[in-house]
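S.K.:
Numbering (this note's numbering), first residue to last: 23 to 94.
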């Protein structure tokens, strides 16, 4: 059985595009890459969302980290 490698980054699927069709008829969007990190020390899971391209986005978007605990 293969276990979890703690404090390592697991990339979740492919890069995710977020696209909005704005009133002027063009598309506005950005690309995000998501990853998970399992922390052994405090028994936490972190979901990281990293903005890798926001050149075509008129608003503000930034990296985020959500933290939770696994269910037993």
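Where a beta carbon is used, it is the ideal one built from N, C-alpha and C, also for glycine. Keep in mind it's a predicted model, so treat the numbers as computed, not measured.
Relative to the alpha-carbon of residue 85, which residue among 57, 48, 32, 50 has its alpha-carbon at the smallest distance?
M.R.: Within the chain shown, the letter at position 63 stands for residue 85. Comparing Cα-Cα distances from residue 85 to each of 57, 48, 32, 50, the minimum goes to 57.
S.K.: Can you tell me which of the three DSSP states residue 17 falls into?
M.R.: Examination of residue 17 is not possible in this model, given that the chain is present from 23 through 94 alone.
S.K.: Whose C-alpha, out of 75, 94, 93, 87, is nearest the C-alpha of residue 38?
M.R.: Position 16 of the chain shown holds residue 38. Of the candidates 75, 94, 93, 87, the one whose C-alpha sits nearest the C-alpha of residue 38 is 75.
S.K.: Using the DSSP secondary-structure output, state which residues sit across from residue 61 in a beta bridge.
M.R.: Residue numbering aside, residue 61 sits at position 39 when the chain shown is read from its first letter. Bridge partners of residue 61: 66.
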